[in-house]
Each structure stands twice: as C-alpha cells, then as structure tokens.
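Read through the structure below, which is laid out as structure tokens, and then see the notes.
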C-alpha cells in the first residue's frame, strides 16, 4: 500500500489544510502562482431572475495533485492566495443559503491552471442545491486484498451533516443497474420526473414521517451487506459484526441475518439474492420512501442523495443530473480501498469533485 502524505501549507494571512489522501503527491513544488477569485451566489427563491450576493466567509475546497486543501473567502467574498503550488485545480465554493436553510449555494471551477509566477483571476457564480442534511458518505465495494475473489465485506455509510436528528423510517437504498437498453441506470427515461433501472431496493423499518429510527447530527451509520467479522474469512478484510444496520433479504433461504443488528428489508420479492453492488461501477440512490412503486421508476423529488461510480473518468454518466452532475472514481478490485467524500457530508451534487479514493475502508469514521 502506498503511503499517504498530508501537507500543511502556511501562507500569509491564510492557513491551507491538506485534508486529502492523494497517493505519492509531489515532494517538490514546480513553482508557485497566485489566485484571486470573487464568489457570488444566487439567493433568489421564487423569482426566475437571479439575485447575486457575495459569498462572504464561504468554505472553499481546492483539489490538485497535492491533495485537498480547505480555505475560506474573506469578508468581501474573495478567495486570495499568494503562494499556491503550480498545478491543475478543481475548486468548489460552498455556503448555506442565507434565506433557505435546506439549501446550499455551490459554485465550481474545474481544471484551472495555476502557473508559476502568474496570477489567476476569475469569478464564480454559485447556484442553490438541495441541502437534505443526509449524505451517502462512503462506499466500500471492491473487496479486500485477496486472490480468491472475496468481496462480501461491502458496506454503504451514511452521514448526518445537519444540526438536527434525521429520522430514517421508511427510507430506501437502491442499487440502480438496469435500464441499459435506454438512457442507462439512474436516467429519467421518459423525462417524466423519475429515475429508472432499480435492480435492488431495501428499506429501513417503518414509514416516512414516523420517528423510531434516527441518525444524530454528526453521526455516521454503516449499512453492511453482511454484518459479520469478515477477517475470519480474509485476514485483510474488516469487522462489520457491530455495524449499525444490515441489508437482509427475507426472500432468500441462505442470506445471513445477524440477530444483533437491525435490518433493511428487501422490497422486491422477485430478488432472492443478497444485496450486492458492483465492485467498480454502479449507481446507488437513497430515497425518502414516499414513492415505493419502483417498477415505473422512483420520483426524483424523493431522492435524498445519489452517486454513480466507475473505474474510469471516461465512463458515460447515466445518473440524472438532477440527482448528481458528476461521476466518482472507484478503486481497483480487491485493493482494500474505498470511495469517500472529501469532507464528511460534503455534497455539492458533483461526485467528480466531492469524492476521492482512500487507501483503506473507514466504516463509521472519517
């Protein structure tokens, strides 16, 4: 396993923290440049005419070959960095909508070049996106390091990035890998406001609106395919015996059920195998459970979060852009690596910017 190195850059009047986990980042900088970006956000709620304000003290996430760096705009909504290592950067600006608490203002600038002894000047215009407070935070699906094709230690992790309890009653987790004869998995096939291609769909107990099962602010929950200590099968695997939830298919005669871990149950009676997701390419969508009629597609308006991942950036994105605008890169099979948001719950509806590959699975933590 290649070693991850965290960098901390201290520059005048600004502390940049490298929070990413880039493998083998450059040890020598190829020069430094300057950056000055003014951030604006559209705060219109009802009007179709945008109303822009400066994004003062907005959080800024910069990613490059050097890792992930966190900074903030100043009181004038300006990001100004005097000594930034020369590289190609993707930059995301985020701020809670000042008028609507369940939205955030998000602006992205992709593939900008910071050249040595040059000044990059630009503006970014952020748009509102839904702020549900709950995100798919980590996906581990490719299997541990092994040579006999063991991958049953899969899990999906959720994170509550809000400041309130969020109730999980009736929520659904879907693997969306069908609809390949049409626009593809997760696409709105008939342009009728739903996403198509649901292959597996498992739900939390209860119904939407009930208040029996919750996730606390700042809490991670892990949903395991099999809630067992997988190290007993593969020494390089992980222990999921004490995870928070387990996918259990009550229509299967062989699916294992850990009696000490609560279940998400299968909605599709025609699916009689375990909840498993593809090792390197799939679509995972979390919905509120208000729409349970998966046969004709699930309403996009009920989506809480969704992500499409693939092993190559050239993979065709099929998930509807109203769910997510990007594509997360997945690690190699049987590498023990996982996919995770760069920040806990950091959801800008662009998986290309939000997600990264990490060297080891981190169930229940970041």
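In my numbering, the protein residues as written are 3 to 368.
No residue lacks a Cβ here, since even glycine has one placed at the ideal position from N, Cα and C.
1. Does the segment 133 to 152 come close enough to the segment 101 to 120 to have 3 or more Cβ pairs within less than 8 Å?
2. Hey, does residue 175 have any beta-carbon neighbour from chain D nearer than 9 Å?
3. In this structure, how does DSSP classify residue 297 when only helix, strand and coil are distinguished?
4. With DSSP as the reference, label residue 303 as helix, strand or coil.
5. The alpha helix (DSSP H) that contains residue 355, what's its start and end?
6. What are the boundary residues of the beta strand (DSSP E) that includes residue 173?
7. Residue 287 and residue 279 - do their beta-carbons sit closer together than 9 Å?
8. Pop quiz: residue 42 and residue 63 are said to be a contact at Cβ under 8 Å. What is the actual Cβ separation, rounded to whole angstroms?
9. Just confirm the distance between the C-beta atoms of residue 309 and residue 138, as a whole number of angstroms; I'd bet it's less than 8 Å.
10. Mind checking which residues open and close the beta strand (DSSP E) that includes residue 65?
11. What residue does the beta strand (DSSP E) around residue 202 start on, and which one ends it?
12. Nearer than 8 Å: is that true of the beta carbon of residue 190 relative to any heavy atom of the ligand HEM?
13. Considering just the uninterrupted stretch of the beta strand (DSSP E) at residue 41, what are its terminal residues?
14. For residue 224, collect the residues of the same chain with a Cβ closer than 6 Å to its Cβ; drop the 5 residues on either side in sequence, then sort them by chain order.
15. Please state the DSSP three-state secondary structure of residue 316.
16. Less than 9 Å between the C-beta atoms of residue 91 and residue 38, yes or no?
17. Here's a check: name, in chain order, each residue in its chain whose Cβ is nearer than 7 Å to the Cβ of residue 170, leaving out the five neighbours to either side.
18. Report the residue ranges of all beta strand (DSSP E) runs contained in full by the segment 109 to 165; include only those spanning at least 3 residues, in chain order.
19. If we ignore side chains and look at the alpha-carbon of each, how far apart do residue 257 and residue 47 end up?
20. Near residue 337, which residues of its chain fall below 7 Å by C-beta distance, leaving aside the five closest residues on each side in sequence?
21. Which class does residue 233 belong to by DSSP, given the choice of helix, strand or coil?
22. Name, in chain order, the residues that DSSP records as bridge partners for residue 87.
23. Taking just the CA atoms, how far does residue 124 sit from residue 112?
24. How is residue 260 classed by DSSP in three states: helix, strand or coil?
25. Can you give me the C-alpha to C-alpha distance between residue 23 and residue 155, rounded to a whole angstrom?
26. I'd like to know whether the C-beta atoms of residue 300 and residue 315 end up nearer to each other than 9 Å.
27. Kindly give me the distance between the Cβ atoms of residue 119 and residue 35, rounded to whole angstroms, as I take these residues to be in contact under 8 Å.
28. Our contact map puts residue 282 next to residue 332 with C-beta atoms below 8 Å; I'd like the distance itself, whole angstroms only.
29. Using only the alpha-carbon positions, how far apart do residue 339 and residue 190 sit?
30. Can you give the Cα-Cα distance for residue 109 and residue 266, rounded to whole angstroms?
31. Using DSSP bridges, identify the partner residues of residue 310.
Walking through what the data contain:
1. yes
2. In summary, chain D is missing from the structure at hand, where a single protein chain is found.
3. For the purposes of this step, residue 297 is identified with residue 295 of the chain shown, where counting begins at 1. In the structure shown, residue 297 sits in a helix (DSSP, three-state: H, G or I).
4. The residue given as residue 303 occupies position 301 in the chain shown. Three-state result, residue 303: helix.
5. By one-based count along the chain shown, residue 355 stands at place 353. Where residue 355 is concerned, the enclosing alpha helix (DSSP H) stretches over 353 to 356.
6. If you number the chain shown from 1, residue 173 lands on position 171. That residue, residue 173, is in no beta strand (DSSP E); it is neither H nor E in DSSP.
7. Numbered from its first residue, the chain shown carries residue 279 at position 277. Numbered from its first residue, the chain shown carries residue 287 at position 285. No. Outside cutoff.
8. Position 40 of the chain shown holds residue 42. Position 61 of the chain shown holds residue 63. In fact, because the Cβ distance is near 17 Å, the residues do not count as touching under 8 Å.
9. For the purposes of this step, residue 309 is identified with residue 307 of the chain shown, where counting begins at 1. For the purposes of this step, residue 138 is identified with residue 136 of the chain shown, where counting begins at 1. The pair is a contact, with the Cβ atoms about 6 Å apart (cut-off 8 Å).
10. Position 63 of the chain shown holds residue 65. Taken as a continuous stretch (DSSP letters only), the beta strand (DSSP E) holding residue 65 covers 61 to 66.
11. As a first step, residue 202 is located in the chain shown; it is residue number 200 there, counting from the start. Segment 200 to 205, the beta strand (DSSP E) holding residue 202.
12. Ligands in the displayed structure: none, and consequently the ligand HEM is not present.
13. Indexing the chain shown from 1 puts residue 41 at position 39. Counting along the chain, the beta strand (DSSP E) containing residue 41 begins and ends at 34 to 44.
14. Working through the chain shown from its first residue, we reach residue 224 at position 222. Closer than 6 Å at the Cβ level, and outside the excluded window around residue 224, lie 157, 159, 245, 246, 365, 366.
15. Looking up residue 316 in the chain shown gives position 314. Residue 316 falls in the coil class under three-state DSSP.
16. Indexing the chain shown from 1 puts residue 91 at position 89. Indexing the chain shown from 1 puts residue 38 at position 36. Going by C-beta atoms, residue 91 is not nearer than 9 Å to residue 38.
17. Numbered from its first residue, the chain shown carries residue 170 at position 168. Here the set comprises 206, 215, 216, 217.
18. 121 to 132, 136 to 142, 157 to 162
19. Indexing the chain shown from 1 puts residue 257 at position 255. Indexing the chain shown from 1 puts residue 47 at position 45. The alpha-carbon atoms of residue 257 and residue 47 are separated by roughly 48 Å.
20. If you number the chain shown from 1, residue 337 lands on position 335. Excluding residues within five positions, the ones whose Cβ falls inside 7 Å are 144, 147.
21. Taking the chain shown and counting its residues from 1, the one referred to as residue 233 is at position 231. Correct three-state label for residue 233: helix.
22. For the purposes of this step, residue 87 is taken as the residue at position 85 of the chain shown. Paired residues: 34.
23. Residue mapping note: residue 112 aligns to position 110 of the chain shown, counting from 1. Residue mapping note: residue 124 aligns to position 122 of the chain shown, counting from 1. C-alpha separation (whole angstroms): 12 Å.
24. As a position in the chain shown, residue 260 is number 258, starting the count at 1. Coil at residue 260, not helix or strand.
25. Position 21 of the chain shown, counted from the start, is the residue given in the question as residue 23. Position 153 of the chain shown, counted from the start, is the residue given in the question as residue 155. Annotation note: pLDDT 46 at residue 23 (below 50); position unreliable, no value reported.
26. Taking the first residue of the chain shown as 1, we reach residue 300 at position 298. Taking the first residue of the chain shown as 1, we reach residue 315 at position 313. In this structure, residue 315 does not lie closer than 9 Å to residue 300 by Cβ.
27. Translated into positions along the chain shown, residue 119 becomes position 117. Translated into positions along the chain shown, residue 35 becomes position 33. Contact holds; Cβ gap of about 7 Å.
28. Residue mapping note: residue 282 aligns to position 280 of the chain shown, counting from 1. Residue mapping note: residue 332 aligns to position 330 of the chain shown, counting from 1. So it is a contact: roughly 5 Å between Cβ atoms.
29. Start at 1 with the first residue of the chain shown, and residue 339 comes out as number 337. Start at 1 with the first residue of the chain shown, and residue 190 comes out as number 188. Approximately 31 Å between the Cα atoms of the pair.
30. The sequence position of residue 109 within the chain shown is 107, counting from 1. The sequence position of residue 266 within the chain shown is 264, counting from 1. Rounded to the nearest angstrom, the two C-alpha atoms are 35 Å apart.
31. Along the chain shown, one-based indexing puts residue 310 at 308. Bridge partners of residue 310: 285.
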